[in-house]
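Structure first, commentary second.
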DNA sequence: ACGGGCACTTCCCTTTAGGTAACTGACGCA
DNA sequence: TGCGTCAGTTACCTAAAGGGAAGTGCCCGT
């Protein structure tokens, strides 16, 4: 941990930011412009209010999303990607592209692995 | 969850693969060629034997890493990136580059956020 | 007077990831 | 005889992430 290659620790840095369950969802939904809280929640149906606030706060803290409060009632708060958030989005699209390109390969790799596992178990069972 | 835009679910797919604590470490260490179990463990000092096996099994299952067993004693097992694993490595390097480029910005964004928070709290305290 | 919407916060509970430590089995070496 | 090496497995435990539900404050429409 002390003298561990710095380059590899970067990986952790980025994953600490975007590696959780909701951050990338939010970033992708903010890709098409500023949105308000309820708008995001409706577009990401599975997220809870709590998780949406937590995630947005994290993004705001890291300077990836900007939060604008309009002192009106009912309250209105807008979220939008900062320029830095935009660059992250662009980068993550690369990861998305990779996933889309390889989903089938992964699927079949898993099937093949399961098949191997099963045949091994059968051997062990007969034994 | 049911009728949720497929494109965004991809994000989860990839993070389920590489979003954990050790997977990217292992991938990066396999970047410079095939290695055996103990070799990896020595190069990633903080990882436990359990986590290394778990991580490697996951990578193998997804077809990102190939595992070669030599039936010798003491046992020898080699791990190496598959071609697909290589392409993932290339993609993740983009994320790394982004992180390195923006670490300072994020750092200062955090500081700014903390400063704002503190001034707000001071106001509330005075109130 | 009552219900609803917005943007949250708080509390509490469950699930999961990850860590620790001990055990295995085959052999080679002293 | 017993220790060390390798590549694991197993059982157990803790900390952290995440989910559910309810509460808050303000105003507007009916």
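Protein chains in written order, with full-length UniProt numbering: chain R, 1 to 127; chain E, 1 to 127.
Each residue gets a CB set at the ideal place from its N, CA and C atoms; glycine is no exception.
Just so you know, these numbers come straight off a predicted model, no measurement behind them.
As the crow flies, the alpha-carbon of residue 25 of chain E is around 42 Å from that of residue 122 of chain E. Taking every protein chain shown into account, the CB of residue 96 of chain R has 16 or more other CB atoms within 10 angstroms, so this residue is buried. The beta-carbon of residue 79 of chain E is placed no less than 8 Å from the nearest beta-carbon of chain R. For residue 110 of chain E, the nearest beta carbon of chain R is closer than 8 Å to its own beta carbon. Note on residue 85 of chain E: 16 or more other CB atoms within 10 angstroms of its CB, so buried under the neighbour-count rule. In the DSSP assignment, residue 67 of chain R falls within the beta strand (DSSP E) that extends over 65-70. Annotation: the stretch 18-74 of chain R contains the following complete segments of the beta strand (DSSP E) (minimum length 3 residues), in chain order: 65-70.
Taking 7 Å as the Cβ-Cβ cut-off, the stretch 10-44 of chain R approaches chain E at 10, 11, 13, 14, 15, 19, 24, 25, 28, given in chain order.
Contact between residue 109 of chain R and residue 62 of chain E holds, since their C-beta atoms are separated by about 6 Å, short of 8 Å. Contacts between residue 70 of chain R and chain E, judged by CB atoms closer than 9 Å, are missing: the closest CB pair is about 17 Å apart. Residue pairing by DSSP leaves residue 88 of chain R without any beta bridge partner.
For the pair residue 23 of chain E and residue 81 of chain E, the CB atoms are not nearer than the 8 Å cut-off. Comparing alpha-carbon positions, the option among E:30, E:20, E:35 lying closest to residue 78 of chain E turns out to be E:35. Under the 10 Å beta carbon count, residue 11 of chain E is surrounded by 16 or more other beta carbons and is classified as buried. In this structure, residue 89 of chain R keeps its C-beta atom at 8 Å or more from the C-beta atom of residue 65 of chain R. Scanning chain R for C-beta atoms nearer than 7 Å to the C-beta of residue 99 of chain E yields 10, 13, 14, reported in chain order. Closer than 8 Å to the CB of residue 89 of chain R there is not a single CB belonging to chain E. Across the structure, residue 91 of chain R and residue 74 of chain E are spaced so that their CA atoms are roughly 44 Å apart.
Put simply, the CB of residue 59 of chain R is far from chain E, with every gap to its CB atoms at 8 Å or more.
Residue pairing by DSSP places residue 76 of chain R opposite R:70 in a beta bridge.
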